[in-house]
Amino acid sequence: MILGVDEAGRGCVIGPLVICGVLASEETIERFREIKVRDSKQLSRKKREQLGPEIVSLAEDFMLIRISPVEIDEWLRVPGLNSLEARKTAEIISHLK
Numbered sequence: 417m418i419l420g421v422d423e424a425g426r427g428c429v430i431g432p433l434v435i436c437g438v439l440a441s442e443e444t445i446e447r448f449r450e451i452k453v454r455d456s457k458q459l460s461r462k463k464r465e466q467l468g469p470e471i472v473s474l475a476e477d478f479m480l481i482r483i484s485p486v487e488i489d490e491w492l493r494v495p496g497l498n499s500l501e502a503r504k505t506a507e508i509i510s511h512l513k
């Protein structure tokens, strides 16, 4: 099994911070390659919207966390956005392992 985690967004100007983890077998990874799953930053919005449901249906498990701009603003003071992202990523890893 392979667990991949990625994030997008970084604050109130852009919108929420979204962190997602996907647990996949080697066979599922091969299927992801076949349907052209790539780094989300390399894909158009339309392509991401098309692939999202397919990824979820193929994955052994997944978890998505949305962090609101209000919560991001609170974390910007102390202890910082990197700490927030690390904590939420650890939450995903703990849930999916």
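Heads up: take any position in the sequence shown, counting from 1, add 416, and you land on my numbering. Heads up, the beta-carbon is just placed ideally off N, CA and C, and yes, glycines get one too.
inquiry  = Helix, strand or coil for Leu433? Go by DSSP, reduced to three states.
reply    = strand
ask   = With burial defined as no fewer than 16 other Cβ atoms inside 10 Å of the residue's Cβ, what is the status of Leu433: buried or exposed?
value = buried
inquiry  = Just verifying my parser: in three-state terms, what is the DSSP assignment at Ala475?
reply    = coil
query = So, are the CB atoms of Leu500 and Gly437 less than 7 angstroms apart?
reply = no
Residues bridged to Val494 (per DSSP) = Paired residue(s): none; Val494 is not in a bridge.
query = Do the CB positions of Leu439 and Leu467 come within less than 7 angstroms of each other?
reply = no
Alpha helix (DSSP H) segment containing Ile445, residue limits = Glu442 to Glu450
inquiry  = Is it buried or exposed, Leu474, if we count other Cβ atoms within 10 angstroms and call 16 or more buried?
reply    = buried
Own chain partners of Met417 with C-beta closer than 8 angstroms, once the 5 adjacent residues on each side are dropped = Leu439, Ala440, Ser441 and Glu476
ask   = Using CA coordinates, which residue listed in Ile451, Phe448 and Ile508 is at the minimum distance from Leu480?
value = Ile508
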